[in-house]
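2 protein chains.
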Amino acid sequence: MTSAEPAAVKVREKPSTPRERARTQTIADIVRLGREHLAVHGAAALSLRAVARDLGVVSSAVYRYVENRDELLTLLLIDAYNQLGDDVDEAVNAEVEDDFAAQFRALAKAVRSWAVREPASYSLLFGSPVPGYQAPGERTTVPGTRVIVRLVGIFDAAYRAGALNASVSPAVVIPEKLAADLAAIRGEMNLAAPDSTLARGVLVWTSVFGAISFEVFGQYGRDTFAARDELFDHQLSVLQGVVGLQG
Amino acid sequence: MTSAEPAAVKVREKPSTPRERARTQTIADIVRLGREHLAVHGAAALSLRAVARDLGVVSSAVYRYVENRDELLTLLLIDAYNQLGDDVDEAVNAEVEDDFAAQFRALAKAVRSWAVREPASYSLLFGSPVPGYQAPGERTTVPGTRVIVRLVGIFDAAYRAGALNASVSPAVVIPEKLAADLAAIRGEMNLAAPDSTLARGVLVWTSVFGAISFEVFGQYGRDTFAARDELFDHQLSVLQGVVGLQG
DNA sequence: CAATGTCAAGAGCGCTGCTCTCGTTTGTTG
DNA sequence: CAACAAACGAGAGCAGCGCTCTTGACATTG
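Going down the list, the protein sequences come from chains E and U. Heads up, the first sequence is in UniProt numbering, so the first residue is 1 and it goes up one at a time. Heads up, the second sequence is in UniProt numbering, so the first residue is 1 and it goes up one at a time.
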């Protein structure tokens, strides 16, 4: 079903003592069982008691390893972000270095196939926020931005390589306040691309996830679209044109 | 806070007897209280017992009026769909009849402002599916498709009026299987627009909701974009170009 | 060997959805 | 107007949940 070793579990610096090794293993087991429950029943139905039962232990025992339900959610969140990030990295790295269009498509398809494969995890990351749960930014920001960082990287590399159509139609003016936001992003991420490219990149980003969310969340209706692969592929082609990525 | 009369509550054909009038009123009260709880605590935390408390009644009493929690969710779902549909209709109807670009922008902005105003309801409709809850299609399909029907209507009317740029760049071929899906839609909805327009319309549809979802679900990060109105406006402008809507 | 620390177990609190029973209220009808 | 049946609210109860606290068993360490 799912891979045995969750990527998000922090390994202690010196897990020398058998106690610490056992403890690390138990936490890994809890995360693995939690991921299975998440996949089957969804995030809102994630129950520490059920995880404890599967672990063959009384419910209060898991509180030795996981502070509370929110903490387990955070572990699963980080785990899922890293799974997605690994999938995306692998797919993009498999493409030729200067074929930016192929890299873009590979990224989007990797996100989509992971989302379809793990709808509950996708819902946890990109669906409605879990009520009463606030992700701790200091732990989730880095894994949570891997995909967008990679996507922006592709667009910016394409721009630097002169692979972007400058004359995307139609030209749209960027208002001043939006330009300020984009300038801040450009500075923070060391980008070269101009405002119009960055803004269109943001649109492509939201559009890709919008299309995937519609599919995973069942917004298309039961049998409106049978050719979902072709639909997504077509959407990527159009979005490619939006940023001026020639392929 | 919220309007007093929920649009979704079906009025009996003959609410003549005082019993039935009282019953209808009680159900309306339950939906109203449910909507308030939804707005404050979210869908997953919607509790019949809490609604009963606010109604000043013991928990088992509400089961006289609402079959179970899922039934209340369905009522809230229909209620929210109709609120959104009403908002969208009003906004679109306020535009000049042959200004299709303005109608498109009015529709998208109406959806966004409703979503920002009612994030919990938006999450219920367009976020992660509530685990274990399956919306009864025969009751939710009609209100649930009001927005997309309206959007497609705008695009098709624009096409019939010759207001769509035929030469959207770049031309993208529509694979056969996707064309079959689009043909089915064209037949069902009595449309005139060609495949490429319909396919791009679907992309615009998903993109608009993708952008709104990112904003409502906090995917942009806390302070990445301060100029959210301008960002959305820009995205609409680009998407307008995607379907060839000149404005 | 003894002190220390870690662990699973169990009881318990308050919350949830939901069911069943038991009187009471209420509108209708003879 | 009185009798009746339907509708109703209250309450107890079951099983599940997150979470806390105490207790006794065990392993590690000095």
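From the three backbone atoms N, C-alpha and C, an ideal C-beta is built for every residue, glycine too. Just so you know, these numbers come straight off a predicted model, no measurement behind them.
Residue j and residue i - do their beta-carbons sit closer together than 8 Å?
| i | j | result |
| --- | --- | --- |
| VAL208 of chain E | ALA108 of chain E | yes |
| TYR65 of chain U | THR17 of chain U | no |
| SER128 of chain U | PHE217 of chain E | yes |
| ALA50 of chain E | VAL62 of chain E | no |
| THR224 of chain U | ILE185 of chain E | yes |
| THR140 of chain U | LEU77 of chain U | yes |
| ALA28 of chain U | ALA120 of chain U | no |
| VAL130 of chain U | ALA43 of chain U | yes |
| ALA171 of chain E | THR74 of chain E | no |
| SER213 of chain E | SER213 of chain U | yes |
| PHE100 of chain E | ALA157 of chain E | yes |
| LEU55 of chain U | LEU33 of chain U | yes |
Among the residues of its own chain, which have a CB less than 6 Å from the CB of residue i, if the five just before and after it don't count?
| i | result |
| --- | --- |
| ALA179 of chain E | ASP195 |
| ASP70 of chain E | TYR133 |
| GLN235 of chain U | ALA211 |
| LEU125 of chain E | ALA80 |
| ARG200 of chain U | VAL242 and VAL243 |
| PRO15 of chain E | With a pLDDT of only 47 at PRO15 of chain E, under 50, the local geometry of the prediction cannot be trusted, and the value read off the model is given with reservation. So the list reads ARG21 and THR24, once near-sequence residues are dropped. |
| TRP114 of chain U | LEU84 and ASP87 |
| TYR122 of chain U | ALA115 and VAL216 |
Using a Cβ-Cβ cut-off of 7 Å (strictly less than) and excluding sequence neighbours within five positions of residue i, which residues of its own chain qualify?
| i | result |
| --- | --- |
| THR197 of chain E | PHE155, TYR159, LEU164 and VAL243 |
| GLU95 of chain U | ALA102, GLN103 and ALA106 |
| GLY144 of chain E | TYR81 |
| ASP233 of chain E | none |
| MET189 of chain U | VAL152 |
| GLN246 of chain U | ALA101, ALA163 and ASN165 |
| GLY137 of chain E | none |
| ILE148 of chain U | TRP205 |
| ASP98 of chain E | ALA161 |
| LEU231 of chain E | PHE225 |
Reducing DSSP to helix, strand and coil, say where residue i ends up.
| i | result |
| --- | --- |
| LEU191 of chain E | coil |
| LEU231 of chain U | helix |
| LEU46 of chain E | coil |
| TYR133 of chain E | coil |
| ALA7 of chain E | Reliability of the predicted coordinates at ALA7 of chain E is poor, the pLDDT of 40 falling under 50, and the value obtained from them is presented with this limitation in mind. Looking at ALA7 of chain E - three-state DSSP - the assignment turns out to be coil, as it is neither helix nor strand. |
| GLU13 of chain U | Because GLU13 of chain U carries a pLDDT of 42, less than 50, the predicted location of this residue cannot be relied on, and the following value inherits that uncertainty. Note: GLU13 of chain U maps to coil in three-state DSSP. |
Grab the span of the alpha helix (DSSP H) containing residue i for me, first residue to last.
| i | result |
| --- | --- |
| GLU36 of chain E | 18-41 |
| ARG139 of chain U | 137-144 |
| LYS85 of chain E | It is worth fixing the name first, because residue 85 of chain E is Gly in this sequence and not Lys. Where GLY85 of chain E is concerned, the enclosing alpha helix (DSSP H) stretches over 69-93. |
| residue 317 of chain E | In this structure chain E extends from 1 to 247, so residue 317 of chain E is not present and cannot be described. |
Between residue i and the rest of its own chain, which residues show a CB-CB distance below 8 Å, the 5 nearest in sequence each way excluded?
| i | result |
| --- | --- |
| ASP89 of chain E | ARG146 and ARG150 |
| ALA91 of chain E | ALA106, LEU107, LYS109 and ALA110 |
| ALA45 of chain U | HIS37 |
| GLU118 of chain U | ALA39, ALA80 and GLN83 |
| LEU182 of chain E | ILE174, ASP195, LEU198 and ALA199 |
So is the beta-carbon of residue i under 7 Å away from any non-hydrogen atom of the ligand FMN?
| i | result |
| --- | --- |
| LEU77 of chain U | As presented, the structure is devoid of all ligands, the ligand FMN included, so that no description of it is given. |
Hey, residue i and residue j are a contact pair by Cβ (cut 8 Å); roughly how many whole angstroms apart?
| i | j | result |
| --- | --- | --- |
| LYS177 of chain E | ALA161 of chain U | Rounded, the Cβ-Cβ distance is 34 Å, inconsistent with contact. |
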